[in-house]
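Colleague:
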């Protein structure tokens with residue numbers, strides 16, 4: 001069960017609903033664009049999950065884990081996603097997308113990881129890089145909305 005706690009935090013979705021309502025159409029557009037660029041639905045979910053892991057957003061982790069499983073993702077791959085570099089479960093395109101996800105999510109490290117962007121894009125077309133970037137931008141925004149608005153996954 002997912003609950004929304006009332007705390008001292010401001011629920012930005014309730015406070016400015018017009019802005020919050022603008023998010024889902026943009027998110028759908030990013031997903032459609034990623035599919036049109038040849039990225040699989042499973043990879044799109046993996047990107048969302050990896051960013052949500054890095055951001056510590058339990059709300060989005062639960063939602064996108066369920067979405068990934070419903071689309072046919074393997075529980076084994078989901079279990080090792082945070083250690084994708086050490087596993088052999090992910091192909092080169094997935095590895096590039098996951099590296100790009102980390103690069104874009106951990107922006108405080110981007111200057112120290114100057115070569116990561118180039119290596120992350122080795123197995124993605126420029127259109128796929130752009131599509132992954134949009135998916136990452138959107139999920140990072142959703143992570144921040146959930147965390148700042150005190151959304152929690154109930155015990």
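Residue numbers (the UniProt record's numbering): 1 to 155. Glycine included, every Cβ here is placed at the ideal spot set by N, Cα and C. Since the model is a prediction, treat every value here as computed from it, not as a measurement.
How many Å lie between residue 39 and residue 9 at the Cα?
Modeller: As a first step, residue 39 must be located in the chain shown, where it is residue number 39. As a first step, residue 9 must be located in the chain shown, where it is residue number 9. Cα to Cα, residue 39 sits roughly 37 Å from residue 9.
Colleague: So residue 71 packs on residue 98, CB below 8 Å; how close in whole Å?
Modeller: In the chain shown, counting from the first residue as 1, residue 71 sits at position 71. In the chain shown, counting from the first residue as 1, residue 98 sits at position 98. Contact flag wrong, Cβ pair sits at about 17 Å.
Colleague: Go ahead and pull the three-state DSSP assignment for residue 89.
Modeller: On the chain shown, residue 89 is found 89 positions in, with the first residue counted as 1. Looking at residue 89 - three-state DSSP - the assignment turns out to be coil, as it is neither helix nor strand.
Colleague: What is the DSSP secondary structure of residue 113, counted as helix, strand or coil?
Modeller: Counting from 1 along the chain shown, the entry for residue 113 is found at position 113. Note: residue 113 maps to coil in three-state DSSP.
Colleague: Assuming residue 105 and residue 51 make a contact with CB atoms under 8 Å, what is their CB distance in whole Å?
Modeller: If you number the chain shown from 1, residue 105 lands on position 105. If you number the chain shown from 1, residue 51 lands on position 51. With a Cβ gap of about 5 Å, residue 105 and residue 51 count as contacting.
Colleague: With 16 other CB atoms within 10 Å as the buried threshold, where does residue 74 fall?
Modeller: In the chain shown, residue 74 corresponds to position 74, counting from 1. It is exposed - the Cβ of residue 74 has fewer than 16 other Cβ atoms within 10 Å.
Colleague: First and last residue of the alpha helix (DSSP H) that includes residue 123?
Modeller: In the chain shown, residue 123 corresponds to position 123, counting from 1. That residue, residue 123, is in no alpha helix (DSSP H); it is neither H nor E in DSSP.
Colleague: Would you say residue 67 and residue 37 are within 8 Å of each other, going by their C-beta atoms?
Modeller: Locating residue 67 in the chain shown gives position 67, counting from the first residue. Locating residue 37 in the chain shown gives position 37, counting from the first residue. Their beta carbons are not under 8 Å apart, which means residue 67 does not touch residue 37 by this criterion.
Colleague: With a threshold of 6 Å on Cβ separation, who are the neighbours of residue 20 within its own chain once the five nearest residues in sequence on each side are excluded?
Modeller: What you label residue 20 is simply residue 20 of the chain shown in a count that begins at 1. Answer for residue 20: 13, listed in chain order.
Colleague: Does the separation of the CB atoms of residue 47 and residue 136 fall below 8 Å?
Modeller: Counting from one through the chain shown, the residue named residue 47 turns up at place 47. Counting from one through the chain shown, the residue named residue 136 turns up at place 136. For residue 47 and residue 136, yes; Cβs fall inside 8 Å.
Colleague: Rounded to a whole number of angstroms, what is the C-alpha to C-alpha distance between residue 119 and residue 56?
Modeller: The residue given as residue 119 occupies position 119 in the chain shown. The residue given as residue 56 occupies position 56 in the chain shown. Computed Cα separation, rounded: 25 Å.
Colleague: Reducing DSSP to helix, strand and coil, say where residue 104 ends up.
Modeller: For the purposes of this step, residue 104 is taken as residue 104 along the chain shown, with counting starting at 1. DSSP places residue 104 in helix when its eight states are reduced to three.
Colleague: Taking 8 Å as the limit between beta carbons, can you name the residues of its chain near residue 95, skipping five residues before and five after?
Modeller: Locating residue 95 in the chain shown gives position 95, where the first residue counts as 1. Correct list, in chain order: 84, 85, 123.
Colleague: What three-state label does DSSP hand residue 9 in the structure shown?
Modeller: Locating residue 9 in the chain shown gives position 9, where the first residue counts as 1. The answer is coil: DSSP assigns residue 9 none of H, G, I, E or B.
Colleague: Can you check whether the CB of residue 103 is closer than 8 Å to the CB of residue 89?
Modeller: By 1-based counting over the chain shown, the position of residue 89 is 89. By 1-based counting over the chain shown, the position of residue 103 is 103. Contact flag unset, no.
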